[in-house]
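For the sequence shown, my numbering gives the first residue as 449, with consecutive numbering after it.
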Amino acid sequence: MLNGQYADISSISCISKYSGGCLSIHTFHGNFFVRSTDLLSLPNINPDAGFGMQMSIEDALTENSVVCFQAALLYTSSKGERRIRVHTMCLPVTNQLSEIYAGADQQAIIGLLAKMGADRSVTASLPDAREAMLNASVDSLSAFGGTLPSSQRIGSLPICYSLRLLPMLISAMCKFTAFRFGTTTKLDDRVFAMQQCKSLPIQYLIQSIYPHLYPIHKLGETTVMTKNNTEVPHTTRLHLSSANIDRQGVYVLDAYDRMYFYVGSAVGDQFCQDVLDVPNFMSIPEGMIDLPELENPTSENVRAFVNYLLDNRPNGSTFYVVREDSKIRMEFFQYMVEDRTESSMSYYEFLQHLQKQVKS
Numbered sequence: 449m450l451n452g453q454y455a456d457i458s459s460i461s462c463i464s465k466y467s468g469g470c471l472s473i474h475t476f477h478g479n480f481f482v483r484s485t486d487l488l489s490l491p492n493i494n495p496d497a498g499f500g501m502q503m504s505i506e507d508a509l510t511e512n513s514v515v516c517f518q519a520a521l522l523y524t525s526s527k528g529e530r531r532i533r534v535h536t537m538c539l540p541v542t543n544q545l546s547e548i549y550a551g552a553d554q555q556a557i558i559g560l561l562a563k564m565g566a567d568r569s570v571t572a573s574l575p576d577a578r579e580a581m582l583n584a585s586v587d588s589l590s591a592f593g594g595t596l597p598s599s600q601r602i603g604s605l606p607i608c609y610s611l612r613l614l615p616m617l618i619s620a621m622c623k624f625t626a627f628r629f630g631t632t633t634k635l636d637d638r639v640f641a642m643q644q645c646k647s648l649p650i651q652y653l654i655q656s657i658y659p660h661l662y663p664i665h666k667l668g669e670t671t672v673m674t675k676n677n678t679e680v681p682h683t684t685r686l687h688l689s690s691a692n693i694d695r696q697g698v699y700v701l702d703a704y705d706r707m708y709f710y711v712g713s714a715v716g717d718q719f720c721q722d723v724l725d726v727p728n729f730m731s732i733p734e735g736m737i738d739l740p741e742l743e744n745p746t747s748e749n750v751r752a753f754v755n756y757l758l759d760n761r762p763n764g765s766t767f768y769v770v771r772e773d774s775k776i777r778m779e780f781f782q783y784m785v786e787d788r789t790e791s792s793m794s795y796y797e798f799l800q801h802l803q804k805q806v807k808s
């Protein structure tokens, strides 16, 4: 650090205030106020809050087998009790790039990139934030490609198994409300989405960026067990592409804070009668925001599945029944993030773009 030269104590005495050596935190991301180099003031706190931070490596870690991170939360509970909670995490140190990639957490990476992008959009510009996300993807793929023999890099995008969904999530994040281009996005909606990026826990942030799409007309192919040890009918998730939307089908799109119940125009009359309590598709009213409680197996299974999705989150979601010819159908289709839009590439085009960038 001092290049072997003499340094007086008065000059270096302040170092201990900013770093314990080897590692230091240089940027925090989240909903808080920074009071000092390692002290944050929170307006309030809940178990579902998410935070991020960037570390600086100030010294070689070759002599260490692990590095330790510790965070202490001092708070007053809702009952007026003063409490402290300490979290400690130890991570192994390695000089092998392949081991680092093998242990990479793609969801944590996306969570940090979303927080960095939200801050970058405010301090710089939205195009800068989007470019930084793309560069992060290109840099990670290029670095991993450098660990592969030349024979494995020909004609394919170099990507490790642990980061296999990173390109798809970055492509979806560029189409997320906080970062997408276009004048149709309201400023309030964009700022709200940025605040979600900074405060949501990773699980729900990923779901907001890449929502879950379920074909309700195939409900019952599998089952899941609830907390009360009761079985609930389930179905497989679909990729977010309009190619997977059938006019004869019914779909649930779960985007964490809102849920869409999409009904195709060629859906069967029997389904409309059993689930929506209307004789046919044309009788589905506009602005329907819940499912009627009907005493038949189809209605009970659909409502049990929807309630199962809603129960697995800390807060409720806005529910919409969307007809194929509804005015709000575009709200549903804007979540088809694997499709091409006027200002964004499709997922396939995005992969081709990444491949060109990595090769260059």
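Where is the CB? At the ideal position from N, CA and C, for every residue including glycine.
Give me the Cβ distance between V806 and L561, rounded to the nearest whole Å; I'm assuming they're in contact under 8 Å.
Between L561 and V806 the Cβ distance is about 18 Å, and since that is not below 8 Å, they are no contact.
- What is the DSSP secondary structure of H687, reduced to helix, strand or coil? coil
Three-state secondary structure assigned by DSSP to M793
coil
Count the other C-beta atoms from every protein chain shown that fall within 10 angstroms of the C-beta of A577, then say buried if there are 16 or more, exposed otherwise.
buried
message: Using only CA atoms, which one of D705, D637 and S689 lies nearest to L648?
response: D705
Query raised in the report: Do the stretch 729–749 and the stretch 684–700 meet, that is, are 3 or more Cβ pairs less than 8 Å apart?
Result: no
_Under the three-state DSSP convention, the category V541 falls into_ = coil
So for I473, helix, strand or coil by DSSP? strand
Exercise for review: Output yes or no for whether 8 Å exceeds the beta carbon distance between A620 and Q655.
Suggested key: no
Ordered along the chain, which non-local residues of its own chain (more than five positions away) have a Cβ less than 8 Å from that of M812? Outside the displayed range of the chain (449 to 808) lies residue 812, so it cannot be described from this structure.
Worksheet item: Between which two residues does the beta strand (DSSP E) carrying Q400 extend?
Response: In the structure displayed, the chain extends from 449 to 808; residue 400 sits before or after that span and is not available.
- State the DSSP-derived secondary structure class of R818, mapped to helix, strand or coil. As displayed, the chain neither begins before 449 nor continues past 808, which places residue 818 out of reach and without an answer.
ask   = Between V698 and Y708, is the Cβ-Cβ spacing less than 8 Å?
value = no
Since P745 is in the alpha helix (DSSP H), which residue starts that stretch and which ends it?
P745 to D759
Please confirm whether I650 and G528 have their CB atoms less than 8 Å apart. no
| Along the chain, which unbroken stretches of the beta strand (DSSP E) at least 3 residues long are found entirely within the stretch 663–714? | 670–673, 679–682, 698–702 and 706–711
- Test item: CB-CB of D694 and G712 under 8 Å: yes
Does the contact criterion of 3 or more C-beta pairs under 8 Å hold for the stretch 784–798 versus the stretch 723–735? no
Can you tell me the Cα-Cα spacing of A591 and P681, whole angstroms?
43 Å
Checklist entry - Can we say the stretch 793–802 touches the stretch 609–627, given the rule of at least three CB pairs closer than 8 Å? => result yes
query = Going by the beta-carbon positions, is the gap between G668 and N744 smaller than 8 Å?
reply = no
**Report entry** Minimum C-alpha distance to A556 - residue among K804, G500, G478 and L701
**Finding:** G500
Do T683 and T674 come within 8 Å of each other at the CB atom, strictly closer than that value?
no
Original post:
Are the beta-carbon atoms of Y658 and V785 separated by less than 8 Å?
Top reply: yes
Is R531 helix, strand or coil when you go by DSSP? strand
Just to confirm before moving on: does the CB-CB distance between P615 and S569 stay below 8 Å?
no
**Asked** Between V769 and R777, is the Cβ-Cβ spacing less than 8 Å?
**Response** no
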